[in-house]
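Colleague:
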Amino acid sequence: MQKECGYSDLSDQQRVLVADGSCGAAATCLLDRNCAIAQVLPVNATRFDLESHWLLGDLSRYPYDTLELAHVQSATSVHTYLQFPVDLRALVFEQATIDAESNAHMGPSIGAFEQLQLPRALESMTLRNCSVQGTLQFWRLEHLRRLELRNSRLGDFWLNGVGDSLQHLVLDKCVTRWDTFPLSLSLKGLRTLELVGVRTPILRLEVSTELRYFTCDDCNISSLMVSNATYAALAALAPASPNATSGYRVNRIQQDVAQCTAARGQIKRLWEATSVCIPDRNRPETDAYDDYPWMYPYTTSIYLGGSFVLVCIILFSVYAIRRGRRAVKTRRTANDDYLASTLRPSQIATLHMLQIDADAIVLCGTKPLASGAYGDVWRGIYAHTTVALKRVKSPSPASVHDFIHEILLLHTLESPYIVRLLGVRWRRLMDIEAVVEYCDLGDLRSFLAASTLENVSWSTKATILESIVYGLVFLHTFEPVIIHRDLKSRNVLLDSRNGTKLSDFGTSRILDDQKTLTNGIGTFQWMAPEVILGTEYTVAADIYSFGTV
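For the sequence shown, the residue numbers in the UniProt record's numbering are 1 to 549.
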């Protein structure tokens, strides 16, 4: 019996590029809608320029290590049968348009390259003159050693999944959201880092002594923030000659004093024309507000008994007021000092690295966007972009301590399905706020309550659920495993451009087999029975909550 052709959905003019054993003696060929060979391609061809009527099909038997694809249009030139060879080592996209916004209402259901099912053995990837709509991520490419992004327009950018395997990173004249938001690069396995034309207000860089080559040509960086270890790694580099592959070459980076001061950092000269900001790991937080002396004691002479009494009353009032103010400030300072003492120096340093100048954010409105039992969320404007600010409702040292741990946890979670932490702001540590990305459609519960059955199609619902699943997969496969513990429709946020995201990690915990997880955490309507009963529970508790959603 003749095998049914999988490309019968093509038009008569369309052709599909395959390397699946259908090409006879040739490695690659073009098939028509009947799976007949329409054109045999050169034997040693590794570069393919997709014409308007070409589609990518099954390439699972492509025999070479490197594959170059030009003019790929993910929305029109990718067939559902697309499959890359599992042992492909290098992949190049040139003048490609990758559109992750598969749902006009909910945004991307999966990351821009997740839909292409990139082979996990991939060691090198290059984008030249490409346009990526949505989220550019490299999820689960644990073996990726080299990544080059050149002259491309990128929507959002995530290096999660790469980890410390990435050794060579090139960012060359790419247009991204970094123009207005801080750029964080924490890649301790890097050996070479080449930046060209990078525009960002703050570059937070973390590398190790593995780094051998660093360039920053034609960069416009207002503030370069590094740790002491990163400073030592950069300082060990010598000036690079024109054709060298080791050393450093930068045009000029002069540290923004205000940004460094806001981060409680120290400006330090790195190279001849470059200074950096090093947040102080051991510097405790203090009240940034000075005392405002409302009144000062009078020292006038006393001529009459009545005047004496009046002056005494005034002096006593002033004393009482100032004593009360000193007591308030003493309590504030004591709370700050106590809170700082509960954090490790590395945690304080991370907060300083994430700190945004408090005056750079404009608060909008007189009421919060959302209010819960433990915190409020406000809308703000930062760098001409709408952001959300989360703050604790009851600023006790214990509640702020838990909130800071939520911030530190969120800082480690880089996924397009998790709400993104942009930074933190505070004048006093007790007043710390998390600055996160703003999702313009609000939470899932409010969205559904304001919609009718006709407005929300099943495809939209499926897209939302799919994104929640990807978010849970990310948490449950994280090292170490993370349990959300409070998954509910209020904690699922929707954005018209960037899709569906999980939020509120205040009750989330790292799964540790050696410790007993707290019971009774979460909202009981969505809570798994084993959590309510106080018995041992695992990531399955999140799956139960997902089913309730």
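Positions of the beta carbon are idealized from the N, C-alpha and C atoms, including for glycine.
Would you tell me roughly how many angstroms separate the C-alpha atoms of Y537 and K367, rounded to the nearest one?
Modeller: Distance between the alpha carbons of Y537 and K367: 38 Å.
Colleague: G375: buried (16+ other C-beta within 10 angstroms of its C-beta) or exposed?
Modeller: It counts as buried.
Colleague: With DSSP collapsed to three states, give me the class of S124.
Modeller: S124 falls in the strand class under three-state DSSP.
Colleague: Going by DSSP in three states, S152 sits in which element: helix, strand or coil?
Modeller: Here S152 sits in coil by DSSP.
Colleague: At a Cβ threshold of 9 Å, is D218 touching chain D?
Modeller: In summary, chain D is missing from the structure at hand, where a single protein chain is found.
Colleague: Mark G57 as exposed unless 16 or more other C-beta atoms lie within 10 angstroms of its C-beta, in which case mark it buried.
Modeller: Answer is buried; the Cβ neighbour count reaches 16.
Colleague: Quick one, which of D357, V400, M527 and K390 has its alpha-carbon nearest S489's?
Modeller: For the residues D357, V400, M527 and K390, the minimum Cα distance to S489 belongs to M527.
Colleague: Which value, in whole angstroms, describes the spacing of the CA atoms of A27 and S77?
Modeller: About 20 Å.
Colleague: Please determine if the stretch 462-477 and the stretch 389-398 are in contact, where contact requires at least 3 C-beta pairs separated by less than 8 Å.
Modeller: The answer is no - the stretch 389-398 does not touch the stretch 462-477, with fewer than three Cβ pairs under 8 Å.
Colleague: Across which residues does DSSP place residue 551 in a beta bridge pair?
Modeller: There is simply no residue 551 to check, as the chain begins at 1 and stops at 549 in what is shown.
Colleague: Using the Cα positions of A541 and V531, report the straight-line distance between them to the nearest angstrom.
Modeller: Their backbone Cα atoms lie some 7 Å apart in a straight line.
Colleague: S186 and L203 - do their beta-carbons sit closer together than 9 Å?
Modeller: Taking 9 Å as the Cβ cut-off, L203 and S186 do not qualify as a contacting pair.
Colleague: Return the first residue and the last residue of the beta strand (DSSP E) that W378 is part of.
Modeller: G375 to Y382 is the span of the beta strand (DSSP E), which, as asked, contains W378.
Colleague: G547 by DSSP, collapsed to three states: which one?
Modeller: The answer is helix: DSSP assigns G547 an H, G or I state.
Colleague: Return helix, strand or coil for K461, following the three-state DSSP convention.
Modeller: DSSP places K461 in helix when its eight states are reduced to three.
Colleague: Look at the alpha carbon of A38 and the alpha carbon of W271, and state the distance between them as a whole number of angstroms.
Modeller: Going from the Cα of A38 to the Cα of W271 covers about 60 Å.
Colleague: Between residue 550 and F474, which are expected to be in contact by the criterion C-beta below 8 Å, what is the C-beta distance as a whole number of angstroms?
Modeller: Residue 550 is absent from the structure shown; the chain starts at 1 and stops at 549.
Colleague: Quick one: grab the DSSP three-state call for V43.
Modeller: It is coil, neither helix nor strand.
Colleague: Work out the CA separation of Y248 and C29 for me, nearest whole Å.
Modeller: Approximately 46 Å, taken between the alpha carbons.
Colleague: In three-state terms, what does DSSP make of K329?
Modeller: With a pLDDT of 48 at K329, under the threshold of 50, the modelled position of this residue cannot be trusted, and the question is left open.
Colleague: Are there three or more Cβ pairs, one per stretch, closer than 8 Å when the stretch 414-428 is compared with the stretch 349-356?
Modeller: Contact between the stretch 414-428 and the stretch 349-356 is present, because at least three Cβ pairs lie under 8 Å.
Colleague: With a 10 Å radius around its C-beta and 16 neighbouring C-beta atoms as the bar for buried, classify residue 636 as buried or exposed.
Modeller: Outside the shown range of the chain, which is 1 to 549, sits residue 636, and nothing can be said about it.
Colleague: Using beta-carbon positions only, say whether D443 and L493 come within less than 9 Å of one another.
Modeller: Yes, these two residues count as a Cβ contact at 9 Å.
Colleague: For C5, which of helix, strand or coil comes out of DSSP?
Modeller: Reduced to three states, the DSSP call for C5 is coil.
Colleague: So what does DSSP say about G247, is it helix, strand or coil?
Modeller: G247: strand per DSSP, three-state reduction.
Colleague: Assess contact between the stretch 49-63 and the stretch 16-25, defined as three or more Cβ pairs (one per stretch) separated by less than 8 Å. Is contact present?
Modeller: Contact between the stretch 49-63 and the stretch 16-25 is present, because at least three Cβ pairs lie under 8 Å.
Colleague: What is the rounded straight-line gap between the Cα of I404 and the Cα of D9?
Modeller: Cα-Cα distance, rounded: 53 Å.
Colleague: From A383, A349, T209 and C439, pick the residue whose C-alpha is nearest to that of A360; which is it?
Modeller: Per the Cα distances, A383.
Colleague: Just mark I98 as buried or exposed, buried being the case when its beta carbon has 16 or more other beta carbons within 10 Å.
Modeller: Counting Cβ neighbours within 10 Å, I98 comes out buried, since at least 16 surround it.
Colleague: Starting from C260, follow its DSSP beta bridges and name the residues at the other end.
Modeller: According to DSSP, which records beta bridges pairwise, C260 is partnered with nothing at all.
Colleague: As a quick exercise: from H168, L195, S184 and L69, pick the residue whose alpha carbon is nearest that of C130.
Modeller: Among H168, L195, S184 and L69, the Cα nearest to that of C130 is on L69.
Colleague: Quick one: give me the first and last residue of the alpha helix (DSSP H) that I348 is part of.
Modeller: Here the alpha helix (DSSP H) through I348 covers P345 to L354.
Colleague: Quick one: using the 10 Å Cβ neighbour count with 16 as the cut-off for buried, is E454 buried or exposed?
Modeller: By the neighbour-count rule (16 or more Cβ atoms within 10 Å), E454 is not buried but exposed.
Colleague: Start and end of the beta strand (DSSP E) containing R15?
Modeller: R15 to V18 is the extent of the beta strand (DSSP E) around R15.
Colleague: How many angstroms separate the CA atom of L190 from the CA atom of C174?
Modeller: C-alpha separation (whole angstroms): 20 Å.
Colleague: Can you give me the C-alpha to C-alpha distance between residue 556 and L154, rounded to a whole angstrom?
Modeller: The question about residue 556 has no answer here: the residues shown for the chain are numbered 1 through 549.
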